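First residue of the sequence shown? That's 1 in the UniProt record's numbering, and the numbers climb one at a time after it.
Where a beta carbon is used, it is the ideal one built from N, C-alpha and C, also for glycine.
From a predicted model like this one, the values you see are computed outputs, not experimental measurements.
What follows is a single structure, written as structure tokens, with notes after it.
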Amino acid sequence: MLLSGLLAGSPAAAASVDCTNSSLQQVAETQKPQEPVRNTMPVVFVHGIASGADTWNGSDSEGSFPRTVADLPKTSAWTFDYKPAQPGWVTDPRIGPALSDSINCLAQATGYKVMVVAHSMGGLVAQYAVSLPNDRAGGKTSQNVAEVVTIGTPTHGSKAASILHVGSVFAAPFLPTMEAVFGACAQYGASEDGSVCGIVDVLRGDQGTALRYDSPQIKALPPWPKELPVRAIAGDIEVSVDPLDLKPIPLGAIGDVAVTLPSATAYSNKTGNPYVCKDKQDLLRLVLVTQGSKCDHFTLKTQPTVVAMVVKQINRVQQQQTGLRTPELAYASGNTINLWVDGKTKALATIPSGYRAEQIAWSDSGLSVAWTTAKDDGSGRRAYLVRRGRGAPPVRARVRSWDCSCSTIAFRGEELVSDGASTPEQAALWSYPSSGKARKLAPVKALRPIDECFGPACGRLDLLGPGPNGTVSVAYIDAGGNFTGVGKLYRVDTQGRVERLGDADGSGRIGNETFSPTRDKIAIPWFGHYSACEEFSNLVVLDQRSGLVSKPDLPDLPGNVWLASSWFDSKGQVHAAFRSEPGCGSNDQFDSDGARVPKWGAAHVYKLVGGQWVKTNEAPVLAREVHRGGRAASLLGTFPDSATGGYSEGRLVAQNAANKTVDVAQRVHAFAWRPQTP
Numbered sequence: 001m002l003l004s005g006l007l008a009g010s011p012a013a014a015a016s017v018d019c020t021n022s023s024l025q026q027v028a029e030t031q032k033p034q035e036p037v038r039n040t041m042p043v044v045f046v047h048g049i050a051s052g053a054d055t056w057n058g059s060d061s062e063g064s065f066p067r068t069v070a071d072l073p074k075t076s077a078w079t080f081d082y083k084p085a086q087p088g089w090v091t092d093p094r095i096g097p098a099l100s101d102s103i104n105c106l107a108q109a110t111g112y113k114v115m116v117v118a119h120s121m122g123g124l125v126a127q128y129a130v131s132l133p134n135d136r137a138g139g140k141t142s143q144n145v146a147e148v149v150t151i152g153t154p155t156h157g158s159k160a161a162s163i164l165h166v167g168s169v170f171a172a173p174f175l176p177t178m179e180a181v182f183g184a185c186a187q188y189g190a191s192e193d194g195s196v197c198g199i200v201d202v203l204r205g206d207q208g209t210a211l212r213y214d215s216p217q218i219k220a221l222p223p224w225p226k227e228l229p230v231r232a233i234a235g236d237i238e239v240s241v242d243p244l245d246l247k248p249i250p251l252g253a254i255g256d257v258a259v260t261l262p263s264a265t266a267y268s269n270k271t272g273n274p275y276v277c278k279d280k281q282d283l284l285r286l287v288l289v290t291q292g293s294k295c296d297h298f299t300l301k302t303q304p305t306v307v308a309m310v311v312k313q314i315n316r317v318q319q320q321q322t323g324l325r326t327p328e329l330a331y332a333s334g335n336t337i338n339l340w341v342d343g344k345t346k347a348l349a350t351i352p353s354g355y356r357a358e359q360i361a362w363s364d365s366g367l368s369v370a371w372t373t374a375k376d377d378g379s380g381r382r383a384y385l386v387r388r389g390r391g392a393p394p395v396r397a398r399v400r401s402w403d404c405s406c407s408t409i410a411f412r413g414e415e416l417v418s419d420g421a422s423t424p425e426q427a428a429l430w431s432y433p434s435s436g437k438a439r440k441l442a443p444v445k446a447l448r449p450i451d452e453c454f455g456p457a458c459g460r461l462d463l464l465g466p467g468p469n470g471t472v473s474v475a476y477i478d479a480g481g482n483f484t485g486v487g488k489l490y491r492v493d494t495q496g497r498v499e500r501l502g503d504a505d506g507s508g509r510i511g512n513e514t515f516s517p518t519r520d521k522i523a524i525p526w527f528g529h530y531s532a533c534e535e536f537s538n539l540v541v542l543d544q545r546s547g548l549v550s551k552p553d554l555p556d557l558p559g560n561v562w563l564a565s566s567w568f569d570s571k572g573q574v575h576a577a578f579r580s581e582p583g584c585g586s587n588d589q590f591d592s593d594g595a596r597v598p599k600w601g602a603a604h605v606y607k608l609v610g611g612q613w614v615k616t617n618e619a620p621v622l623a624r625e626v627h628r629g630g631r632a633a634s635l636l637g638t639f640p641d642s643a644t645g646g647y648s649e650g651r652l653v654a655q656n657a658a659n660k661t662v663d664v665a666q667r668v669h670a671f672a673w674r675p676q677t678p
């Protein structure tokens with residue numbers, strides 16, 4: 001098998017550019033192989049006053065905020081460090097202008113707009129940087145920024161800095177509380193990095209002069225661009241004293257000590273209300289304990305709730321950006337595996353003569369694509385893998401292949417696995433090394449050994465497909481007999497550890513599972529067998545995150561009701577085409593092998609609403625997959641005579657960049673969107 005094309009990178013605008021320098025450094029990944037910078041959304045962390053890039057490291061239990069982001073799929077994390085330029089102001093060429101250059105470089109290198117996460121004065125640095133020119137005539141750096149998150153940024157300045165530099169210029173209730181904090185720091189507090197009293201010492205320094213409330217330097221900053229989304233995060237601590245250990249006496253709220261709540265939340269745009277971390281603390285504990293409050297100026301930026309919120313926002317922005325692009329659609333037609341992008345098709349690999357592709361699967365990152373082939377009678381099954389060449393310019397990828405006595409393949413993160421390896425004595429998957437070396441057993445741990453096993457399916461581990469966070473979902477058959485049901489459903493991680501999700505009944509699994517756009521739900525076809533004349537098929541819907549299993553009753557149709565196809569829409573709702581046939585009767589016809597020929601009625605489409613099938617006016621399709629970005633690919637044609645559903649081939653249509661449905665190819669027998677988001 002030879003490649004006739006490359007797995008092309010997207011977007012095309014991305015170029016081979018090295019943006020690293022003494023100020024801008026990429027954060028290494030820990031949970032997945034280091035991705036090329038191209039085709040990742042860059043997230044730049046900008047520190048605040050009197051600190052450096054290491055300020056984003058939380059406690060041992062919290063870990064590194066940038067490293068958490070670096071481990072997100074299709075995302076690269078960067079730290080911008082202007083510590084050597086301090087106590088300079090944001091206009092210093094090594095600070096604001098240098099950040100502007102870094103943002104513009106990363107946008108060019110990756111092809112994506114940059115997301116900025118800025119703490120304290122770092123938010124003012126970002127505010128100045130986005131106003132500066134970019135590399136396009138008349139353009140601004142803000143055009144290369146997707147969103148900015150400010151954490152404890154003194155948009156109007158710091159009242160605490162003003163008090164320390166000018167004196168008591170603010171009215172109660174703020175002033176007495178701050179003076180109590182300053183007094184306690186002078187008498188008891190240790191001015192350590194990360195402590196409230198350390199914040200006070202920093203504000204006393206030269207840089208605190210420019211950060212005074214409504215200082216000339218802050219008033220001179222250009223406004224945020226109206227089209228740029230900005231999300232504000234702030235802290236607000238209510239301070240009290242309890243001199244007799246009887247009842248706390250409230251003194252008042254002081255923001256995060258360095259920045260008052262009104263200043264930290266003074267500007268947000270297109271992102272909803274600012275998030276405020278609230279806390280109540282005794283005065284002495286606040287000044288005596290390092291990280292005395294979860295909401296103080298230094299602690300706020302690595303507080304777990306804040307980190308989780310920002311990570312969720314990064315995922316949303318990344319998905320939003322990739323949704324604006326047309327992802328690659330891999331499909332098998334005739335004797336080739338092809339890639340289609342918005343009307344342009346590139347042949348990727350050939351299929352051996354006498355074989356047809358049965359399934360196509362992408363890795364989580366979209367760096368690898370795999371498929372299975374088999375003869376028309378199902379024999380001679382093989383698995384194939386192509387991994388995108390790393391580096392720039394791209395390196396020509398190679399096709400790897402293995403014999404595969406399997407029914408399903410899937411990626412466990414970046415690792416290609418399949419079923420077909422289990423025995424009653426050992427539950428296992430097959431693992432296929434990207435190097436092309438021999439496949440190896442990947443044991444699945446902690447499944448109950450089977451003492452007595454009989455029947456063709458007993459001890460079988462069926463791979464259902466990819467799950468969240470680099471896992472796969474499986475169905476394990478631990479019962480005997482000819483009709484054993486779909487089995488118990490488990491999630492399997494990269495170490496082979498299992499987590500029980502739920503049970504699915506019926507008489508057996510059919511295959512042809514379908515997935516929601518976010519991959520958090522699976523629709524599992526299964527059939528029921530009462531007798532040779534009483535059979536049917538339906539869906540089990542598994543929520544892979546919660547483990548909830550939905551088992552809807554069949555639609556109300558006469559005779560034996562059979563599932564013809566199923567799919568999810570862009571909102572994650574299940575749709576299915578059902579048809580019926582009358583079952584056994586005096587007018588039965590039989591084929592040359594003696595099998596009864598079913599008399600199929602018309603197929604009707606239903607939507608699963610509240611656990612019940614509700615009939616719709618939709619036209620049935622052989623298959624459909626909706627990408628996370630919202631675009632749909634559908635296979636159109638005539639349902640086969642087979643009672644178990646599926647399809648042999650059909651006409652593939654898909655939505656292009658203009659969301660118009662266009663023809664892709666004829667005689668297609670497998671297809672799958674390339675994922676561009678986690």
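If you draw a 10 Å sphere on the C-beta of residue 589, you find fewer than 16 other C-beta atoms in it, and that means exposed. Scanning its chain for C-beta atoms nearer than 8 Å, with the 5 sequence neighbours on each side dropped, one finds around residue 420 the residues 404, 405, 406, 407, 430, in chain order. By the beta-carbon neighbour count (other beta carbons within 10 angstroms, threshold 16), residue 423 is exposed. Under the three-state reduction of DSSP output, residue 399 falls in the strand class. According to DSSP, residue 387 shares a beta bridge with 368. When C-beta atoms of the region 588 to 604 are compared with those of the region 627 to 636, fewer than three pairs fall below 8 Å, so the two segments do not count as touching. For residue 421, the three-state secondary structure derived from DSSP is coil. The region 466 to 480 makes contact with the region 492 to 512, as at least three CB pairs between them are under 8 Å. In the three-state reduction of the DSSP assignment, residue 207 falls in the helix class. In the DSSP annotation of this structure, residue 589 is not part of any beta strand (DSSP E), being labelled neither H nor E. The DSSP assignment places complete beta strand (DSSP E) segments of no fewer than 3 residues inside the region 572 to 649 at 574 to 581, 604 to 609, 612 to 615, 623 to 626, 632 to 636, in order along the chain. DSSP places residue 69 inside the alpha helix (DSSP H), whose first and last residues are 65 to 70. Contact annotation: residue 575 and residue 607 have beta-carbon atoms nearer than 8 Å. Between the alpha carbons of residue 57 and residue 427 lies a distance of about 41 Å.
Comparing alpha carbon positions, the residue from 122, 80, 76 closest to residue 48 is 122. Measuring C-alpha to C-alpha distances from residue 209 to each of 88, 76, 443 identifies 88 as the nearest. With a threshold of 16 other beta carbon atoms within 10 Å, residue 638 falls short and is exposed. For the pair residue 249 and residue 240, the CB atoms are nearer than the 8 Å cut-off.
Burial state of residue 548 is exposed, judged by a 10 Å Cβ sphere holding fewer than 16 other Cβ atoms. Taking C-beta atoms under 8 Å as the contact rule, residue 42 and residue 114 qualify, at a distance of about 5 Å. Positions of the beta strand (DSSP E) runs, each at least 3 residues long and wholly inside the region 229 to 267, are given as 230 to 241, 249 to 253 in order along the chain.
With contacts defined as CB atoms closer than 8 Å, residue 543 and residue 569 fail to qualify as a contacting pair. By the neighbour-count definition (other C-beta atoms within 10 Å, threshold 16), residue 514 is a buried residue. Going by DSSP, residue 335 is part of no beta strand (DSSP E) at all; its letter is neither H nor E.
According to the DSSP assignment, residue 25 belongs to no alpha helix (DSSP H) but to the beta strand (DSSP E) extending over 24 to 26.
Straight across, the Cα-Cα distance linking residue 439 with residue 416 is about 10 Å. Under the 8 Å Cβ criterion, the region 200 to 218 counts as touching the region 87 to 106, having at least three qualifying pairs.
In terms of Cβ geometry, residue 670 and residue 332 form a close pair [threshold 8 Å]. Linking residue 154 to residue 139 through their CA atoms gives a straight-line distance of about 27 Å. Per the coordinates, the alpha-carbon of residue 203 lies some 18 Å from the alpha-carbon of residue 46. Rounded to whole angstroms, the Cβ separation of residue 148 and residue 109 is 19 Å, and the two are not in contact under 8 Å.
Along the region 528 to 575, the beta strand (DSSP E) occurs as fully enclosed runs of 3 or more residues at 534 to 543, 560 to 568, listed in sequence order. Counting only residues of its own chain and dropping the five nearest sequence neighbours on each side, residue 77 has a CB closer than 6 Å to the CB of 27, 43, 66, 69, 70. Leaving aside the five residues that flank residue 25 on each side, the residues in its chain whose CB is nearer than 6 Å to its CB run, in chain order, 79. Excluding its 5 nearest sequence neighbours in each direction, residue 81 has C-beta neighbours in its own chain below 6 Å: 23, 52, 53, listed in chain order.
Assigned with DSSP and collapsed to three states, residue 269 falls in strand.
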